[in-house]
Amino acid sequence: MPTPQEIQDVFSPFYKAEAKIWERFAEKVIIRTFNKNETIKDYAEIEKYLNIIVTGSVGLFVWNGHKDVCINLIYEKSFMSDYLSFLNQQPSGIRTQALEDCMIWSVSHPDLHDLYSLNEKGLRIGKAISEILFLRKQQEQIDLLTLSPKERYLKLINRRPEIFQHTPLKIIASYLGLTAESLSRLRRRISKP
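Laid out in C-alpha coordinates, this is it:
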(Lines of atoms letter the chains of each structure in order from A and count residues from 1; the text may use other names and numbers.)
(Lines give C-alpha, C1' and ligand atoms only; values in the text may rest on other atoms or scores of the structure.)
Protein backbone atom coordinates (compact mmCIF):
# COMPACT_ATOMS: atom_id res chain seq x y z
CA MET A 1 0.00 0.00 0.00
CA PRO A 2 1.39 3.45 -0.83
CA THR A 3 2.06 5.88 1.98
CA PRO A 4 -0.09 8.99 2.43
CA GLN A 5 2.99 11.05 1.45
CA GLU A 6 3.36 9.15 -1.83
CA ILE A 7 -0.32 9.81 -2.62
CA GLN A 8 0.10 13.47 -1.73
CA ASP A 9 3.18 13.73 -3.99
CA VAL A 10 1.09 12.60 -6.99
CA PHE A 11 -1.76 15.01 -6.22
CA SER A 12 0.23 18.02 -5.02
CA PRO A 13 0.76 19.57 -8.49
CA PHE A 14 -3.04 19.61 -8.89
CA TYR A 15 -4.55 19.84 -5.42
CA LYS A 16 -3.25 20.61 -1.93
CA ALA A 17 -4.96 19.04 1.09
CA GLU A 18 -4.24 18.15 4.68
CA ALA A 19 -2.46 14.89 5.54
CA LYS A 20 -5.60 13.26 6.97
CA ILE A 21 -7.24 13.20 3.51
CA TRP A 22 -4.24 11.41 2.01
CA GLU A 23 -4.23 8.88 4.87
CA ARG A 24 -7.82 7.94 4.02
CA PHE A 25 -7.03 7.86 0.33
CA ALA A 26 -4.00 5.58 0.90
CA GLU A 27 -6.18 3.15 2.89
CA LYS A 28 -8.38 2.65 -0.17
CA VAL A 29 -5.59 2.06 -2.70
CA ILE A 30 -4.85 -1.41 -3.99
CA ILE A 31 -1.68 -2.16 -5.93
CA ARG A 32 -2.09 -3.96 -9.24
CA THR A 33 0.64 -5.11 -11.62
CA PHE A 34 0.39 -5.93 -15.32
CA ASN A 35 2.85 -7.42 -17.75
CA LYS A 36 3.76 -5.76 -21.04
CA ASN A 37 0.93 -6.14 -23.60
CA GLU A 38 -1.51 -7.39 -20.95
CA THR A 39 -5.07 -6.07 -21.21
CA ILE A 40 -6.02 -4.10 -18.12
CA LYS A 41 -9.67 -3.53 -19.12
CA ASP A 42 -11.29 -4.97 -22.23
CA TYR A 43 -13.73 -3.26 -24.61
CA ALA A 44 -16.95 -4.71 -23.17
CA GLU A 45 -15.93 -4.46 -19.53
CA ILE A 46 -16.91 -1.75 -17.07
CA GLU A 47 -14.09 0.34 -15.60
CA LYS A 48 -14.06 -0.46 -11.89
CA TYR A 49 -11.04 1.64 -10.91
CA LEU A 50 -9.51 5.05 -11.09
CA ASN A 51 -5.79 4.41 -11.50
CA ILE A 52 -2.48 6.16 -11.05
CA ILE A 53 0.41 4.71 -13.04
CA VAL A 54 3.38 4.33 -10.70
CA THR A 55 5.72 2.63 -13.18
CA GLY A 56 5.27 1.79 -16.84
CA SER A 57 2.92 3.09 -19.52
CA VAL A 58 -0.57 2.36 -20.77
CA GLY A 59 -2.42 2.83 -24.05
CA LEU A 60 -6.16 3.31 -24.50
CA PHE A 61 -7.59 1.81 -27.69
CA VAL A 62 -10.85 1.69 -29.61
CA TRP A 63 -11.69 -0.81 -32.36
CA ASN A 64 -12.61 0.96 -35.62
CA GLY A 65 -13.95 -2.18 -37.30
CA HIS A 66 -10.57 -3.11 -38.81
CA LYS A 67 -7.90 -2.42 -36.21
CA ASP A 68 -7.14 -0.95 -32.81
CA VAL A 69 -6.70 2.81 -32.83
CA CYS A 70 -4.73 4.38 -29.98
CA ILE A 71 -6.64 7.30 -28.45
CA ASN A 72 -4.39 7.97 -25.49
CA LEU A 73 -0.87 7.27 -24.21
CA ILE A 74 -0.35 7.59 -20.47
CA TYR A 75 2.89 7.42 -18.54
CA GLU A 76 4.19 7.34 -14.96
CA LYS A 77 2.74 9.63 -12.30
CA SER A 78 -0.45 10.15 -14.30
CA PHE A 79 -4.08 9.24 -13.81
CA MET A 80 -5.30 6.47 -16.09
CA SER A 81 -8.80 5.15 -16.52
CA ASP A 82 -11.51 4.54 -19.05
CA TYR A 83 -13.10 7.52 -17.35
CA LEU A 84 -16.29 7.47 -19.43
CA SER A 85 -16.98 3.91 -18.29
CA PHE A 86 -15.85 4.70 -14.75
CA LEU A 87 -18.27 7.63 -14.42
CA ASN A 88 -21.38 5.95 -15.79
CA GLN A 89 -20.46 2.35 -14.85
CA GLN A 90 -21.27 1.13 -18.37
CA PRO A 91 -18.98 -0.36 -21.05
CA SER A 92 -17.58 2.32 -23.37
CA GLY A 93 -15.81 0.35 -26.11
CA ILE A 94 -12.36 1.38 -24.82
CA ARG A 95 -9.63 -1.16 -24.05
CA THR A 96 -6.69 -0.32 -21.80
CA GLN A 97 -3.41 -2.17 -22.29
CA ALA A 98 -0.05 -2.15 -20.54
CA LEU A 99 2.56 -1.01 -23.08
CA GLU A 100 5.33 -2.14 -20.72
CA ASP A 101 5.36 -3.81 -17.31
CA CYS A 102 3.25 -1.62 -15.03
CA MET A 103 2.54 -1.06 -11.38
CA ILE A 104 -0.71 0.81 -10.83
CA TRP A 105 -2.40 2.20 -7.73
CA SER A 106 -6.14 1.68 -8.05
CA VAL A 107 -9.15 2.94 -6.11
CA SER A 108 -12.48 1.25 -6.76
CA HIS A 109 -15.56 3.17 -7.84
CA PRO A 110 -17.38 2.62 -4.49
CA ASP A 111 -14.28 3.47 -2.44
CA LEU A 112 -13.70 6.68 -4.39
CA HIS A 113 -17.29 7.75 -3.78
CA ASP A 114 -16.82 6.99 -0.07
CA LEU A 115 -13.80 9.32 -0.08
CA TYR A 116 -15.82 12.01 -1.87
CA SER A 117 -18.59 11.78 0.70
CA LEU A 118 -16.30 12.25 3.72
CA ASN A 119 -16.33 16.03 3.52
CA GLU A 120 -16.00 18.96 1.17
CA LYS A 121 -12.27 18.32 0.68
CA GLY A 122 -13.04 14.82 -0.56
CA LEU A 123 -15.37 16.32 -3.14
CA ARG A 124 -12.69 18.80 -4.19
CA ILE A 125 -10.28 15.92 -4.80
CA GLY A 126 -12.88 14.32 -7.06
CA LYS A 127 -13.31 17.60 -8.89
CA ALA A 128 -9.52 17.92 -9.29
CA ILE A 129 -9.28 14.41 -10.76
CA SER A 130 -12.10 15.14 -13.22
CA GLU A 131 -10.50 18.40 -14.25
CA ILE A 132 -7.10 16.78 -14.81
CA LEU A 133 -8.57 14.08 -17.04
CA PHE A 134 -10.81 16.53 -18.90
CA LEU A 135 -8.07 19.08 -19.56
CA ARG A 136 -5.68 16.44 -20.86
CA LYS A 137 -8.28 14.93 -23.20
CA GLN A 138 -9.56 18.31 -24.40
CA GLN A 139 -6.04 19.46 -25.32
CA GLU A 140 -5.43 16.21 -27.20
CA GLN A 141 -8.67 16.73 -29.17
CA ILE A 142 -7.72 20.32 -30.01
CA ASP A 143 -4.24 19.21 -31.12
CA LEU A 144 -5.66 16.46 -33.32
CA LEU A 145 -7.98 18.92 -35.07
CA THR A 146 -5.68 21.94 -35.36
CA LEU A 147 -2.07 20.72 -35.63
CA SER A 148 -0.40 19.01 -38.56
CA PRO A 149 1.03 15.51 -38.01
CA LYS A 150 4.51 17.06 -37.85
CA GLU A 151 3.39 19.59 -35.20
CA ARG A 152 1.67 16.86 -33.15
CA TYR A 153 4.80 14.72 -33.36
CA LEU A 154 7.08 17.59 -32.27
CA LYS A 155 4.77 18.50 -29.40
CA LEU A 156 4.72 14.88 -28.22
CA ILE A 157 8.51 14.65 -28.39
CA ASN A 158 8.90 17.93 -26.46
CA ARG A 159 6.47 16.77 -23.78
CA ARG A 160 7.70 13.17 -23.62
CA PRO A 161 11.22 12.87 -25.10
CA GLU A 162 11.51 9.32 -23.76
CA ILE A 163 8.42 8.12 -25.65
CA PHE A 164 10.28 6.02 -28.23
CA GLN A 165 12.05 4.13 -25.44
CA HIS A 166 8.70 3.13 -23.91
CA THR A 167 6.18 2.91 -26.75
CA PRO A 168 6.23 0.94 -30.01
CA LEU A 169 6.38 3.04 -33.18
CA LYS A 170 3.11 1.64 -34.57
CA ILE A 171 1.23 2.71 -31.40
CA ILE A 172 2.74 6.21 -31.47
CA ALA A 173 1.77 6.45 -35.14
CA SER A 174 -1.80 5.35 -34.35
CA TYR A 175 -2.02 7.91 -31.55
CA LEU A 176 -0.84 10.66 -33.94
CA GLY A 177 -3.30 9.56 -36.64
CA LEU A 178 -0.54 8.30 -38.95
CA THR A 179 0.64 4.99 -40.36
CA ALA A 180 3.91 3.61 -39.01
CA GLU A 181 5.48 4.21 -42.44
CA SER A 182 4.36 7.87 -42.49
CA LEU A 183 5.76 8.40 -39.02
CA SER A 184 9.09 6.84 -40.04
CA ARG A 185 9.30 9.17 -43.05
CA LEU A 186 8.40 12.17 -40.88
CA ARG A 187 11.09 11.27 -38.34
CA ARG A 188 13.71 10.92 -41.12
CA ARG A 189 12.78 14.32 -42.59
CA ILE A 190 12.99 16.03 -39.20
CA SER A 191 16.32 14.43 -38.29
CA LYS A 192 18.02 15.58 -41.52
CA PRO A 193 20.10 18.76 -41.06
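Each residue of the sequence shown is one higher than the one before, starting from 315 at the first, in the numbering used here.
Idealized CB from N, CA, C, for every residue including glycine.
At the C-beta level, G440 and Q411 stay beyond 8 angstroms of one another.
With a beta-carbon spacing of about 15 angstroms, M417 and T317 fall beyond the 8 angstroms limit used to define contacts. In this structure, the CA atom of I388 is about 29 angstroms from the CA atom of K334. The residue from I321, K330, I344 with its alpha-carbon nearest to that of E337 is I321. Here the alpha carbons of C384 and H423 stand approximately 25 angstroms from one another. Sorting D415, W419, N402, M394 by C-alpha distance to the C-alpha of R409 places M394 at the top. V343 and L364 have their C-alpha atoms spaced approximately 10 angstroms apart.
Contact check for L470 against L483 fails: the beta carbons are separated by 8 angstroms or more.
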